[in-house]
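Here's the structure we're looking at; comments come further down.
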Amino acid sequence: MALWAILFRLGIWDAALFPSPWQVLQTLGHALADRSLLYATGASLRRLLEGYALSLLIGVPLGVLLARVKWVEDTVGSLVLGLQTLPSICWLPLAILWFGLNNSAILFVVVMGALLAITVAVHDGVKNVPPVYLRAAQTMGTRPLALYTEVLLPAALPSILTGAKLGWSFAWRSLMAGELLFVSTGLGHMLTMGRELADMSQVIAVMLVIIGLGLLTDRALFGVLEARVRERWGLLGVK
Amino acid sequence: MAKLAICGVSKRFQGRNGTVCALENICLEVQEGEFLVLIGPSGCGKSTLLNIIAGLDPADAGEVREDGRPVWKPGRDRSVVFQDGALFPWLTAQKNVEFPLKQMGLSARERAERAAYYLHLVHLSRFRENYLHELSGGMRQRVAIARALALEPEVLLMDEPFSALDAQTREDLYVVLQEIWQRTGKTIVFVTHNVREAVCLADRVVLLSARPGRVQAEFPIQLSRPRFIEDVDVARIAHQISCALKEGIARVRQEEYDEDWQPAEAGVFRAAGGVMGDSI
């Protein structure tokens, strides 16, 4: 912040292109006061949560299926790996043609961004479960369904969590890219509006909000979950 | 009728260097309440045999019968203690012991009571709420034994359960295991490559030979219990079995190692031409 303030005072760049921290704060305040920022954030988060939930709902079972069923792995496995190399925003033209210029198109892009990352992580996690856990479970009379819900999934939980975290950040990126290219309410849209109105302080204000939201979920949600899993498994680093 | 009857069991593995005959025509009977120890050089297929008894792996020929019924899949009547315990790191000691009980469909209260009883039996009541990484290797193995016992199986199968532990912990567990066996009267089949451990624990030691795995000899052990690893009688009988074991190992080595490899004679620790004590 101090560096930013000093750079502004030096006046190397024009104030329209390089606003002061104070101007940005003012813009944030206005945007909060007229609720446009809240609406935009709400719209973005809602899309994000919908897309992310859908990705988890499809990605986790798909990853397990890939790891456990040979013919699925042989067929769908390489497809998943191939599609994963495609940046998710490349799905937007296809999504617009399929779904039209609406919410579903963005949702589709978000899902395509998060789903594959989650699937790949779950696949790896389940594959790496030591076979002796399954053998032990069998000698204890575990039924096939319980073998999945009570042995395979908990055993793969650390990897699944990594996948979930990765999926979240991919979903977030895809959403922003989608909203930037695409006119509707949302934080990405506010960024575009800022650019079109040449309102640099709005651009920076929205960027700050995006960073803040990202940090918040990373620390508050995944940080806590990960710490709990690490503690249980005894994976705490040497301090 | 014998509790377990192993009738002509054979098992082959496809290896890189052709087929390895891990087990060939093994015939054994285990009586109700007997403590049988399978011993043999590494690669003799003793763990394979245990897995076949457990129903985890199929035999290529022959069959295993429990109370006259053929065994073909894992069952709660035969619980297994694995070499590294195979406990679940995401559960506490108590929940690990409760796991098989949950699979049986017992109520939460019954599970908790039974798990507490068996954890007490292995002297771990104080560590019920600990996760696995908070327990030592010996404690974990005791949890594994409690988990296997909690199923109240008719046969307890143990696959080198103490091999990864230090000597002191192992000795403690010999006492615990003998105590449990005497108290519960379970039929136990125990696999190890440690001769003294075998003599210390067993009613009968079955020596398997390697390549192919066959029953080479059987040694009934009729020493009073509880036995300790440093007992003179244990050492004496262990020595006899060791001699028989070494014959088998020497034969395998000749097959396994390159032809120019000469097994080191036992003379390493002796001065050339000397006899122990001749300098006195």
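Chains A and B, in that order, are what the protein sequence lines are.
Each residue of the first sequence is one higher than the one before, starting from 5 at the first, in the working numbering.
Each residue of the second sequence is one higher than the one before, starting from 14 at the first, in the working numbering.
Ideal Cβ positions, reconstructed from N, Cα and C, are used throughout, including at glycine.
Residue i versus residue j - alpha carbon distance
i, j, result
"G280(B)", "L220(B)", "The pLDDT assigned to G280(B) is 46, lower than 50, so where the model puts this residue is not dependable; a value taken from the coordinates is nonetheless given after this. G280(B) and L220(B): Cα-Cα distance of roughly 26 Å."
"K115(B)", "Q181(B)", "34 Å"
"S9(B)", "L191(A)", "Examination of residue 9(B) is not possible in this model, given that chain B is present from 14 through 293 alone."
"E54(A)", "V73(A)", "28 Å"
"Q96(B)", "C40(B)", "24 Å"
"L179(A)", "D70(B)", "50 Å"
"D73(B)", "Q235(B)", "35 Å"
"L51(B)", "N207(B)", "10 Å"
"P161(A)", "G129(A)", "What sits at residue 161(A) in the sequence shown is Leu, not Pro. If I take the Cα positions, the gap works out to 8 Å."
"L119(A)", "A109(A)", "15 Å"
"E260(B)", "Q267(B)", "11 Å"
"R283(B)", "I254(B)", "In this prediction, R283(B) has a pLDDT of 49, which is less than 50 and means its spatial position is unreliable; what the coordinates show is noted afterwards. Each residue's alpha carbon lies about 23 Å from the other."
"R50(A)", "A57(A)", "11 Å"
"L69(A)", "S82(A)", "14 Å"
"R196(B)", "L190(B)", "10 Å"
"A9(A)", "F174(A)", "32 Å"
"R209(B)", "G167(A)", "49 Å"
"G63(A)", "R236(A)", "25 Å"
"R153(B)", "P166(B)", "20 Å"
"L119(B)", "G227(A)", "36 Å"
"L11(A)", "L21(A)", "12 Å"
"L137(B)", "G98(B)", "15 Å"
"G86(A)", "S60(B)", "42 Å"
"K131(A)", "A224(A)", "29 Å"
"L100(B)", "A177(B)", "15 Å"
"G216(A)", "T189(A)", "19 Å"
"I246(A)", "P23(A)", "Beyond the ends of chain A as shown, which are 5 and 243, falls residue 246(A); an answer cannot be given."
"L201(A)", "G67(A)", "45 Å"
"V168(B)", "R91(B)", "5 Å"
"C94(A)", "L185(A)", "11 Å"
"E192(B)", "Q44(B)", "19 Å"
Neighbourhood of residue i by C-beta, 8 Å cutoff - its chain only, sequence neighbours within 5 removed
i, result
"L32(A)", "L41, A209, L212 and V213"
"P102(B)", "Y144, L145 and H146"
"E47(B)", "K16, T200, I201, D216 and R217"
Beta-carbon proximity list for residue i, same chain, < 6 Å, skipping 5 on both sides
i, result
"R160(B)", "N109 and V110"
"I100(A)", "A109"
"G171(A)", "S59, A118, A121 and I122"
"F26(B)", "V33 and A35"
"R155(B)", "V135 and L137"
"I164(A)", "V126 and G129"
"A159(A)", "V133 and Y137"
"A35(A)", "L41"
"P225(B)", "C34 and E37"
Same chain, Cβ closer than 7 Å to residue i, neighbours up to 5 away in sequence not counted
i, result
"V155(A)", "Y137, L138, A141 and T146"
"G241(A)", "With a pLDDT of 49 at G241(A), under the threshold of 50, the modelled position of that residue is not reliable, and the figure given next carries that caveat. Counting only Cβ-Cβ distances below 7 Å, and skipping sequence neighbours, we find nothing."
"W2(A)", "Nothing can be reported for residue 2(A): it is not among the residues displayed for chain A, which extend from 5 to 243."
"K243(A)", "Note that K243(A) scores 39 on pLDDT, short of 50, meaning its location in the model is unreliable and no value can be drawn from it."
"L104(B)", "F112"
"L90(A)", "none"
"Q27(A)", "S205"
"W194(B)", "F48 and I201"
Closer than 8 Å at the beta carbon, the chain C residues around residue i
i, result
"L161(A)", "Given the protein chain composition of this structure (A and B), no chain C is represented."
Contacting positions in the segment 80 to 100 of chain B - beta carbon closer than 9 Å to chain A: K86, P87, G88, R89, R91, S92, V93, F95, Q96, D97, G98, A99 and L100
Length-filtered (4 minimum) alpha helix (DSSP H) runs lying within the segment 16 to 67 of chain B: 59 to 67
Three-pair Cβ contact test at 8 Å for the segment 201 to 209 of chain B versus the segment 60 to 72 of chain B: yes
Inter-stretch contact (C-beta, 8 Å, three-pair minimum) for the segment 250 to 266 of chain B and the segment 75 to 90 of chain B: no
Sufficient close CB pairs (3 or more, under 8 Å) joining the segment 172 to 191 of chain B to the segment 226 to 239 of chain A: no
Inter-stretch contact (C-beta, 8 Å, three-pair minimum) for the segment 206 to 217 of chain B and the segment 233 to 241 of chain B: yes
Chain-ordered residues of the segment 172 to 202 of chain A with a beta carbon less than 7 Å from chain B: none
4-residue-minimum alpha helix (DSSP H) runs that sit fully inside the segment 175 to 221 of chain B, ordered along the chain: 180 to 197 and 208 to 214
Contact residues within the segment 245 to 256 of chain B, judged by C-beta distance below 7 Å to chain A: none
Residues of the segment 97 to 130 of chain A whose Cβ lies closer than 7 Å to any Cβ of chain B, in chain order: none
Beta strand (DSSP E) runs wholly inside the segment 65 to 125 of chain A, at least 3 long, in chain order: none
Residues in the segment 21 to 55 of chain A having any Cβ partner in chain B nearer than 9 Å: none
Selection of the segment 45 to 70 of chain B by Cβ proximity to chain A, strictly under 9 Å: N64, A67, G68 and L69
Short-range partners of chain A found in the segment 169 to 202 of chain B, where Cβ spacing is below 9 Å: L170
The segment 126 to 151 of chain B: positions lying closer than 9 Å to chain A by Cβ: Y144, L145, H146 and E147
Whole beta strand (DSSP E) elements within the segment 63 to 99 of chain B, 3-residue minimum: 74 to 79 and 91 to 94
Within the segment 132 to 161 of chain A, ranges of the alpha helix (DSSP H) (whole runs, at least 4 residues): 135 to 143
Short-range partners of chain A found in the segment 110 to 122 of chain B, where Cβ spacing is below 8 Å: F112, P113, K115, Q116 and M117
Every unbroken beta strand (DSSP E) within the segment 169 to 202 of chain A, with a cutoff of 3 residues, ordered by chain: none
Near-chain B residues of the segment 131 to 154 of chain A - C-beta to any C-beta below 9 Å: P134, V136, Y137, R139, A140, A141, Q142, T143, M144, G145, T146, R147, A150 and E154
Contacting positions in the segment 152 to 167 of chain B - beta carbon closer than 7 Å to chain A: L164
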